[in-house]
Amino acid sequence: FPSHDIYPGIQGLRFMARAGDTQQRAERTLLQRAWRTDSKNTASRCRTTSRRWSTKMRAEKVVTALLGAASGVTNLVGTRIQPSPLPETITLPAIATRHVSTIDLETIDAQSYALVQSRIEVTAVTKSYVAQKNLLEQIRLALQYKRGTYAGVEVVNITRENSGPDLRDDEKEIFTQAIDFLVIFKET
137 FPSHDIYPGI QGLRFMARAG DTQQRAERTL LQRAWRTDSK NTASRCRTTS
187 RRWSTKMRAE KVVTALLGAA SGVTNLVGTR IQPSPLPETI TLPAIATRHV
237 STIDLETIDA QSYALVQSRI EVTAVTKSYV AQKNLLEQIR LALQYKRGTY
287 AGVEVVNITR ENSGPDLRDD EKEIFTQAID FLVIFKET
């Protein structure tokens, strides 16, 4: 399984790809193969390729805006909500966000808008296990089942996909855990 650092100063702490990631990757590959063989959707394929980079940032902007607006989160971390990896000098607790993947969802009327699903990993980095669990609960409350317009993006729904393992670095006294959220939104 591939892995990545969420905090460059932590030796030995790595988030491993979860078993669900492998299944999703296989499903995505099958969908992409079926999509390539469908000659009717050429225009849709071109539109999807050209907007892939802007799509990633939209979901991250939504998650960052919701976390920054949630008093339960800001009471714990202030403004320390940043893209991963976090700088080694950051004061803890803090939150790291990371874009994992984006796929297009089928809609009945593809001419009016595109429906897009992005997976965003939100990682709580704290100095104690209790603080980690408290921060994760506030993150869940700030994001789960939200819908509406945030940061200029029309969000259909945000759901929790899965939670990663509890990780700990005894030398630096750092506790981390990630939650993956699926952000489904409209693109016009």
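Position one of the sequence shown corresponds to residue 137 (this note's numbering), numbered consecutively onward. Cβ coordinates follow ideal geometry from the N, Cα and C atoms, glycine included.
Q: Buried or exposed for residue 243, please, with buried defined as at least 16 other CB atoms from any protein chain shown within 10 angstroms of its CB.
A: That one is exposed.
(Q) Please list the terminal residues of the continuous alpha helix (DSSP H) segment that includes residue 276. (A) For residue 276, the uninterrupted alpha helix (DSSP H) run begins and ends at 265-279, by DSSP.
Q. Using the beta-carbon count (16 or more within 10 Å), is residue 215 buried or exposed?
A. The residue is exposed, with fewer than 16 neighbouring Cβ atoms inside 10 Å.
**Q.** Among 310, 219, 290, 255, the one whose alpha carbon lies nearest that of residue 325
**A.** Nothing about residue 325 can be read from this structure; the chain reaches only from 137 to 324.
Q. Which residue comes first and which comes last in the beta strand (DSSP E) that contains residue 285?
A. For residue 285, the enclosing beta strand (DSSP E) has its first and last residue at 284-286.
Q: Go ahead and label residue 255 buried or exposed: buried means 16 or more other beta carbons lie within 10 angstroms of its beta carbon, across all protein chains shown.
A: Burial call: buried.
Q. Does DSSP put residue 196 in a helix, a strand or coil?
A. DSSP, read as helix, strand or coil, puts residue 196 in helix.
(Q) Are the CB atoms of residue 203 and residue 278 within a distance shorter than 8 Å? (A) With respect to residue 203, residue 278 sits close: the two C-beta atoms are nearer than 8 Å.
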